[in-house]
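Trainee: Shown below is the structure under consideration.
Residue numbers (our numbering): 3 to 449.
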């Protein structure tokens with residue numbers, strides 16, 4: 003919380019350790035307790051009067067409205083849990099037993115829907131317990147904060163696999179439609195399945211709005227005000243990350259499962275998992291391009307004029323490139339440069355600073371991984387083969403091993419004339435004498 007001398011802060015939480023939480027101008031945050039002192043007006047302690055600046059009737063109305071908001075959060079969460087259970091028990095389990103698709107396809111269709119249902123059941127149980135407490139002790143914002151990391155990880159996994167589920171629905175739409183309607187779904191049954199499988203991330207989008215509405219009906223000094231404010235921003239961020247992940251996976255799937263015009267080399271699927279994919283602009287002409295980052299390659303694509311397909315522009319091995327951040331100027335902003343000894347410098351312009359930093363971080367991470375593997379293998383070879391050097395190493399020696407062809411026959415090497423060996427020996431003796439004399443001179447100088 004940003005304070006200046008003379009500000010009056012309404013304290014919401016007093017924690018040990020020197021930091022308190024309070025509200026100033028509708029914003030709640032933490033501040034050092036030794037920077038403030040208790041404010042008293044006309045001999046009365048303002049901190050003891052919880053709602054001194056708000057009329058009694060307005061305070062009561064605030065509490066009534068808050069009770070309605072809390073009830074709506076609990077009831078909507080209960081309805082969501084019921085819908086998820088119905089989807090799993092009434093539709094997905096019969097679908098699993100129908101054997102119309104492979105086990106792998108079924109797992110891609112449902113993904114971790116049961117884990118999603120479980121986390122919402124736990125959230126509902128906690129909400130019901132908190133809602134039964136007196137309003138002054140209800141800490142719904144804190145509850146959502148405590149659950150945020152679990153909700154984020156579970157929904158992120160679900161959203162990343164949802165595009166594949168959509169493809170499977172399209173592949174088996176007639177069979178799925180029949181099964182859904184046989185199990186009691188409203189016609190068309192395929193629409194019921196599609197909508198039901200999208201409910202987890204659509205529910206996620208609503209949390210920040212519900213928490214914001216709850217915050218509007220909390221008193222300035224309510225103990226949960228700060229946590230509720232923080233949970234609003236956190237759940238906005240979670241929803242945004244899940245949406246971004248879903249869009250990226252949709253784009254990735256459309257490229258990997260479609261036909262890329264002019265593709266060269268092995269199939270894109272052979273390059274491994276896609277680490278990052280996104281649109282950038284190349285050069286001062288701002289040519290639209292798509293970058294696909296794999297563990298060992300960076301693939302460059304463009305879009306056809308009709309926006310109907312992707313066009314292959316190039317594939318850069320990470321072992322031969324480096325990236326660096328570029329400062330903003332009049333011509334470019336949020337850009338990074340791709341350099342390499344075998345390529346022209348490429349300037350990639352991102353849509354935001356966050357995208358710029360994310361691309362640089364992810365590419366450099368893969369570059370580091372590749373260099374670590376390369377360096378480790380080189381060091382192990384050096385460690386095993388290192389022999390102290392001396393003059394005798396100039397002399398010719400027989401090979402350490404025989405080289406065999408595929409049929410295990412020894413490869414014959416043409417024999418040098420004896421005259422050549424004699425000449426080589428004379429040259430080596432000259433080198434040895436020179437090295438010995440040089441070593442003696444260095445030793446004499448040292449003495």
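For each residue, glycine too, the CB sits at the ideal point set by N, CA and C.
Can you list, in chain order, the residues of its chain with a C-beta nearer than 8 Å to that of residue 200? Leave out the 5 residues immediately preceding and following it.
Mentor: Counting from 1 along the chain shown, the entry for residue 200 is found at position 198. Excluding residues within five positions, the ones whose Cβ falls inside 8 Å are 164.
Trainee: If we ignore side chains and look at the alpha-carbon of each, how far apart do residue 202 and residue 222 end up?
Mentor: In the chain shown, residue 202 corresponds to position 200, counting from 1. In the chain shown, residue 222 corresponds to position 220, counting from 1. Whole-angstrom Cα-Cα distance: 33 Å.
Trainee: So, does the stretch 118-136 touch the stretch 232-248, judging by three or more C-beta pairs under 8 Å?
Mentor: Too few Cβ pairs lie closer than 8 Å, so no.
Trainee: For residue 299 and residue 210, I'd like the C-alpha separation in whole angstroms.
Mentor: In the chain shown, residue 299 corresponds to position 297, counting from 1. In the chain shown, residue 210 corresponds to position 208, counting from 1. Roughly 38 Å between the two C-alpha positions.
Trainee: Under the assumption that residue 84 contacts residue 228 (Cβ atoms under 8 Å), give the Cβ distance between them as a whole number of angstroms.
Mentor: Residue 84 sits at position 82 when you count from the first residue of the chain shown. Residue 228 sits at position 226 when you count from the first residue of the chain shown. Not really, about 32 Å apart at Cβ, beyond 8 Å.
Trainee: Taking the CB atoms as reference points, tell me whether residue 117 and residue 159 lie closer together than 9 Å.
Mentor: Within the chain shown, numbered from 1, the residue matching residue 117 stands at position 115. Within the chain shown, numbered from 1, the residue matching residue 159 stands at position 157. Contact: yes.
Trainee: For the putative contact between residue 313 and residue 295, defined by C-beta atoms under 8 Å, what is the C-beta separation to the nearest angstrom?
Mentor: Within the chain shown, numbered from 1, the residue matching residue 313 stands at position 311. Within the chain shown, numbered from 1, the residue matching residue 295 stands at position 293. With a Cβ gap of about 18 Å, residue 313 and residue 295 do not count as contacting.
Trainee: In this structure, does DSSP put residue 16 in helix, strand or coil?
Mentor: For the purposes of this step, residue 16 is taken as the residue at position 14 of the chain shown. Correct three-state label for residue 16: strand.
Trainee: Since residue 167 contacts residue 207 with CB under 8 Å, what's their CB separation in whole angstroms?
Mentor: Within the chain shown, residue 167 is the residue found at index 165, counting from 1. Within the chain shown, residue 207 is the residue found at index 205, counting from 1. Not confirmed; about 18 Å, so no contact.
Trainee: For residue 74, count neighbouring Cβ atoms within 10 angstroms of its own Cβ and tell me buried if that reaches 16, exposed if not.
Mentor: Here residue 74 is taken as the residue at index 72 of the chain shown, counted from 1. Burial call: exposed.
Trainee: Between the alpha carbons of residue 137 and residue 42, how many angstroms are there, rounded?
Mentor: As a first step, residue 137 must be located in the chain shown, where it is residue number 135. As a first step, residue 42 must be located in the chain shown, where it is residue number 40. Cα to Cα, residue 137 sits roughly 26 Å from residue 42.
Trainee: How many Å lie between residue 259 and residue 360 at the Cα?
Mentor: Within the chain shown, the letter at position 257 stands for residue 259. Within the chain shown, the letter at position 358 stands for residue 360. Near 26 Å, if we compare the C-alpha coordinates of residue 360 and residue 259.
Trainee: Determine whether the beta carbon atoms of residue 320 and residue 297 lie at a separation below 9 Å.
Mentor: In the chain shown, the residue the question calls residue 320 occupies position 318. In the chain shown, the residue the question calls residue 297 occupies position 295. Cβ distance < 9 Å, so residue 320 and residue 297 count as in contact.
Trainee: Taking only three categories from DSSP, how would you classify residue 95?
Mentor: Stepping through the chain shown from its first residue, residue 95 is reached at position 93. Residue 95 falls in the helix class under three-state DSSP.
Trainee: What residues in its chain sit with their C-beta under 7 Å from that of residue 403, if we drop five residues either side in the sequence?
Mentor: Residue 403 sits at position 401 when you count from the first residue of the chain shown. Per-residue confidence for residue 403 stands at a pLDDT of 39, beneath the threshold of 50, marking its modelled position as unreliable; the derived number appears in the next sentence. No residues qualify anywhere along the chain.
Trainee: For residue 275, which of 254, 287, 106 and 267 has the nearest alpha-carbon?
Mentor: Counting from 1 along the chain shown, the entry for residue 275 is found at position 273. Of 254, 287, 106 and 267, the residue nearest in Cα terms is 254.
Trainee: Report the start-end ranges of each alpha helix (DSSP H) in the stretch 165-247 that is 4 residues or longer and not cut off at the edges.
Mentor: DSSP runs (the alpha helix (DSSP H)) wholly in the stretch 165-247: 175-184, 191-206 and 209-218.
Trainee: Does the separation of the CB atoms of residue 368 and residue 337 fall below 9 Å?
Mentor: Residue mapping note: residue 368 aligns to position 366 of the chain shown, counting from 1. Residue mapping note: residue 337 aligns to position 335 of the chain shown, counting from 1. No, the pair does not count as a contact, with Cβ atoms beyond the cut-off.
Trainee: Does residue 324 pass the burial test, meaning 16 or more other C-beta atoms within 10 Å, or should it be called exposed?
Mentor: Mapped onto the chain shown, residue 324 falls at position 322. Its Cβ having fewer than 16 others within 10 Å, residue 324 is exposed.
Trainee: If you drop the 5 nearest sequence neighbours on each side, which residues of the same chain put their C-beta closer than 8 Å to that of residue 86?
Mentor: Within the chain shown, residue 86 is the residue found at index 84, counting from 1. Counting only Cβ-Cβ distances below 8 Å, and skipping sequence neighbours, we find 115, 118, 119, 122, 201 and 202.
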